[in-house]
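**Q** Below is a structure I'd like to ask you about.
Numbering (this note's numbering), first residue to last: 24 to 215.
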């Protein structure tokens, strides 16, 4: 499956650029220290996604959090421009690397990125029916409410109408990289 992963050049230079695999470390993410996110809820969403991956994909190195990539962007399988408004705020660097990847389908879990952002990262339920809403509203305790929230998050895997689809996998290996693009404004990416 063809995917695209965006990373700051300095991360590329310390990993893929010297033939080392890249593994996600959420504690290096600016969002963990960003006041816009409740760290505990943010980590809960990542932990939940890691559990979903563990159920579907072997994790022999006991990696804690998945790597993310783009599968579908603006309704098409295409090179994502990391400098457009969609990615605004994700990267502090002006020099970004976009990696074009090929990864076996059986090593990937696809999900709707908008549902992930709206529900999982905000620790909100994605309730579909009035019965679901009543069960959530009348939950006898916080544990039951959290179970309802987590169960509803499975809706992110319904990607049949999704225009923005993300891929999660355990490890980005140098052998997965097909092409490397260095972007300064990505209107004209440079192949490396």
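Note that beta-carbon positions come from the ideal geometry of N, C-alpha and C, so glycine has one too.
#1: Residue 27 bridges to which residues according to DSSP?
#2: Taking all protein chains shown into account, decide if residue 41 is buried (16 or more other Cβ within 10 angstroms of its Cβ) or exposed.
#3: Using a 10 Å radius around the Cβ and a threshold of 16 neighbouring Cβ atoms, would you call residue 83 buried or exposed?
#4: Give the straight-line distance between the Cα atoms of residue 135 and residue 164, rounded to the nearest whole angstrom.
#5: Can you check DSSP and say which residues form a bridge with residue 136?
#6: Could you give the residue range of the alpha helix (DSSP H) that holds residue 88?
#7: Quick one, which of 47, 79, 182 has its alpha-carbon nearest residue 138's?
#8: Could you give the DSSP three-state label for residue 102: helix, strand or coil?
#9: Assuming residue 72 and residue 206 are in contact, meaning their beta carbons sit under 8 angstroms apart, how far apart are those beta carbons, in whole angstroms?
#10: Based on DSSP bridge pairs, tell me the residues matched to residue 202.
#11: Check residue 143 in the structure and name its three-state DSSP category.
#12: Express the C-alpha separation of residue 26 and residue 98 in angstroms, rounding to a whole number.
#13: Would you kindly check if the distance between the Cβ of residue 90 and the Cβ of residue 143 is under 8 angstroms?
#14: Consult DSSP for residue 187 and reduce its assignment to one of helix, strand or coil.
#15: Less than 8 angstroms between the beta carbons of residue 86 and residue 194, yes or no?
#16: Whole angstroms is fine: what's the gap from residue 101's alpha carbon to residue 119's?
#17: Give me the Cα-Cα distance between residue 199 and residue 122, rounded to the nearest whole angstrom.
#18: Going by other Cβ atoms of all chains shown within 10 Å of its Cβ, with 16 needed for buried, is residue 65 buried or exposed?
#19: Measure the alpha-carbon distance for residue 36 versus residue 159 and round it to whole angstroms.
**A** Reading from the atomic positions:
#1: Counted from its first residue, the chain shown places residue 27 at position 4. Beta-bridge pairing links residue 27 to 93, 123.
#2: Working through the chain shown from its first residue, we reach residue 41 at position 18. Residue environment: residue 41 is assigned as exposed (fewer than 16 neighbouring CB atoms within 10 Å of its CB, all protein chains considered).
#3: As a working note, residue 83 is residue 60 in the chain shown. Burial call: exposed.
#4: Residue mapping note: residue 135 aligns to position 112 of the chain shown, counting from 1. Residue mapping note: residue 164 aligns to position 141 of the chain shown, counting from 1. Roughly 29 angstroms separates the two Cα atoms.
#5: As a working note, residue 136 is residue 113 in the chain shown. Answer by DSSP bridge pairing: none, since residue 136 is not bridged.
#6: Stepping through the chain shown from its first residue, residue 88 is reached at position 65. DSSP places residue 88 in no alpha helix (DSSP H); its state is neither H nor E.
#7: Start at 1 with the first residue of the chain shown, and residue 138 comes out as number 115. That would be 182, whose Cα lies nearest to the Cα of residue 138.
#8: As a first step, residue 102 must be located in the chain shown, where it is residue number 79. In the structure shown, residue 102 sits in coil (DSSP, three-state: anything other than H, G, I, E or B).
#9: Looking up residue 72 in the chain shown gives position 49. Looking up residue 206 in the chain shown gives position 183. Residue 72 to residue 206, Cβ: 26 angstroms. No contact.
#10: Taking the chain shown and counting its residues from 1, the one referred to as residue 202 is at position 179. Beta-bridge pairing links residue 202 to 123.
#11: Here residue 143 refers to the residue found at position 120 when the chain shown is read from its first residue. Residue 143: helix per DSSP, three-state reduction.
#12: Along the chain shown, read from residue 1 onward, the residue named residue 98 stands at position 75. Along the chain shown, read from residue 1 onward, the residue named residue 26 stands at position 3. Cα to Cα, the separation comes out at about 14 angstroms.
#13: For the purposes of this step, residue 143 is taken as the residue at position 120 of the chain shown. For the purposes of this step, residue 90 is taken as the residue at position 67 of the chain shown. In this structure, residue 90 does not lie closer than 8 angstroms to residue 143 by Cβ.
#14: On the chain shown, residue 187 is found 164 positions in, with the first residue counted as 1. Correct three-state label for residue 187: coil.
#15: For the purposes of this step, residue 86 is taken as the residue at position 63 of the chain shown. For the purposes of this step, residue 194 is taken as the residue at position 171 of the chain shown. For residue 86 and residue 194, yes; Cβs fall inside 8 angstroms.
#16: Here residue 101 refers to the residue found at position 78 when the chain shown is read from its first residue. Here residue 119 refers to the residue found at position 96 when the chain shown is read from its first residue. Between residue 101 and residue 119, the C-alpha separation is close to 17 angstroms.
#17: Position 176 of the chain shown holds residue 199. Position 99 of the chain shown holds residue 122. Whole-angstrom Cα-Cα distance: 9 angstroms.
#18: Reading the chain shown from its first residue, position 42 is the one you call residue 65. Taking every protein chain shown into account, the CB of residue 65 has 16 or more other CB atoms within 10 angstroms, so this residue is buried.
#19: For the purposes of this step, residue 36 is identified with residue 13 of the chain shown, where counting begins at 1. For the purposes of this step, residue 159 is identified with residue 136 of the chain shown, where counting begins at 1. Going from the Cα of residue 36 to the Cα of residue 159 covers about 47 angstroms.
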